[in-house]
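Position one of the sequence shown corresponds to residue 14 (the numbering used here), numbered consecutively onward.
Have a look at the structure below, then the notes.
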Amino acid sequence: MKKKILIPILIFTLLLAGAAAAILLQTARPARPVWSVSLETPIEGGVVKNAQTSLSVPTQFTKIGDDYFLVDCYHNQILTSPSPDLPLTEWTVLTDQIDRGHTIAGDGLVYLADDTENNRILVFEKRDGRFYLTQAFSDIGVRPHYVVYDESADRFYALSSMTGELYVFFRPAGDSRVALEKVMSVPELAGAYVRSFTIDGDDIYFVSGNRSILRARKKDLKIMESWPVPDEIAGMVQLTRIQDYYYITVSTDLLGNQDAATILRVSDLSLLALGQWEDVYESFIGGGTPYYISSFDGHYYLTEHRLPGHSVWQFDVEDNRLANILSLY
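Rendered as structure tokens:
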């Protein structure tokens, strides 16, 4: 009789211990910094000139230090230049070792780029004015889509666009090697296609890949606030705070239809659920698919695809008014 009682107790104890172990593994992943294997022979970039006369689905135009970068997503390359005014064929190829990469970020010494379809993060180093691909982190979630350097935390954050995981990388002082420090996750975003996030102090905003924008604590990704959005603007690309408005680029509706692509702005995110936003895409002609907005050299920049001849825009915002809109590429 005692044996019959002890067996269920033993099974329950083992199950409880297994569950506890699973929780520990989840919260401690990774338990210590993970260093990728450095490339045996670093690959020099920024030497060969760009052979493409136009951009194919550009996703990001940015400046890091004194260098400019264009992510030419469907040409599977990242371009770099010391000046934004050079013709595209005078830009050089930082790397063509990517498959549909979307973004690049850097601290002036090292630069991290997402290699989306290969589920990797590539690390570049600048030595004596030259760029080298020195490290590659594999198995970074599913389709890592957006990487940011947060100067206040001295950390790089990279988003796995399909799993709701945020990978945190750091570079120790005096070292040029980068390590994966930890992986955090937002369970509510698992399985949704989330194209970017926005760091705002101690908060991170995740744009809608399904039906809501989320505000989470940066330190642990605990959800602090959420704002529902209508299906017609559910496939968002990026949220950018400019003066008194949130500017939001939209790629698709909930079902993936790019005919819904637009740029909207709103002073309060709670107004989105009410359909009370201002559509400002006509200021950029409209009809394409706007993507990421960046800011440097005193201007804002927007990448766009689906429309020939309008790949990168420059614009200003003066007293909450869009001004000086120019098509660059």
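We put the CB at the ideal spot given by N, CA and C, even for glycine.
Since the model is a prediction, treat every value here as computed from it, not as a measurement.
* Measure the C-alpha to C-alpha separation of Gly322 and Ile255 and round it to an integer number of angstroms. => 26 Å
* Asked: With a cut-off of 8 Å, do at least 3 Cβ pairs link the region 161 to 177 to the region 141 to 148?
  -> no
* To do: Enumerate in chain order the residues of its own chain whose CB-to-CB distance from Gln289 is below 6 Å, with the five nearest sequence positions on each side excluded.
  => none
* Asked: Hey, how far is the Cα of Pro243 from the Cα of Ile212?
  -> 23 Å
* Asked: Helix or strand or just coil, what does DSSP make of Gly65?
  -> The displayed chain sequence assigns Gln, not Gly, to residue 65. Reduced to three states, the DSSP call for Gln65 is coil.
* Asked: Nearest-angstrom Cα distance between Arg224 and Leu202?
  -> Looking at the two C-alpha atoms, the distance is approximately 10 Å.
* Give the straight-line distance between the Cα atoms of Ser151 and Asn131, rounded to the nearest whole angstrom. => Annotation: Ser151 to Asn131 spans about 8 Å, alpha carbon to alpha carbon.
* To do: Ignoring anything shorter than 3 residues or poking outside the region 139 to 185, list the beta strand (DSSP E) runs there in chain order.
  => 143 to 150, 157 to 163, 168 to 173, 178 to 183
* Distance between Arg228 and Glu238 (C-alpha atoms, nearest Å) -> When rounded, the distance between both Cα atoms is 5 Å.
* Ignore the nearest five residues each way along the sequence and tell me which others in Thr102's own chain have a CB closer than 7 Å to its CB. => Lys62, Asn63, Thr66
* Asked: Assuming Leu125 and Val136 make a contact with CB atoms under 8 Å, what is their CB distance in whole Å?
  -> 6 Å
* To do: Alpha carbon to alpha carbon, how far is Leu320 from Gly154? Give it in angstroms, no decimals.
  => 31 Å
* CA-to-CA distance, Gly114 to Gly300, given in whole angstroms -> Each residue's alpha carbon lies about 24 Å from the other.
* To do: In the DSSP assignment, find the beta strand (DSSP E) that holds Thr3 and state where it starts and stops.
  => No information on residue 3 is available, as it lies outside the stretch 14 to 342 that the chain covers here.
* Excluding sequence positions up to five away, which residues of its chain have a Cβ less than 8 Å from the Cβ of Pro46? -> Phe183, Ala192, Leu193, Glu194
* Do you know how far the Cα of Thr302 is from the Cα of Phe328? -> 17 Å
* To do: State the beta-bridge partners of Gly300 as determined by DSSP.
  => DSSP, once it has assigned bridges, lists no residue as partnering Gly300.
* **Coil, strand or helix - Ala274 by DSSP** => coil
* Asked: Thinking C-beta only, is Val325 closer than 8 Å to Tyr314?
  -> Yes; because the gap between Cβ atoms is below 8 Å, this pair is in contact.
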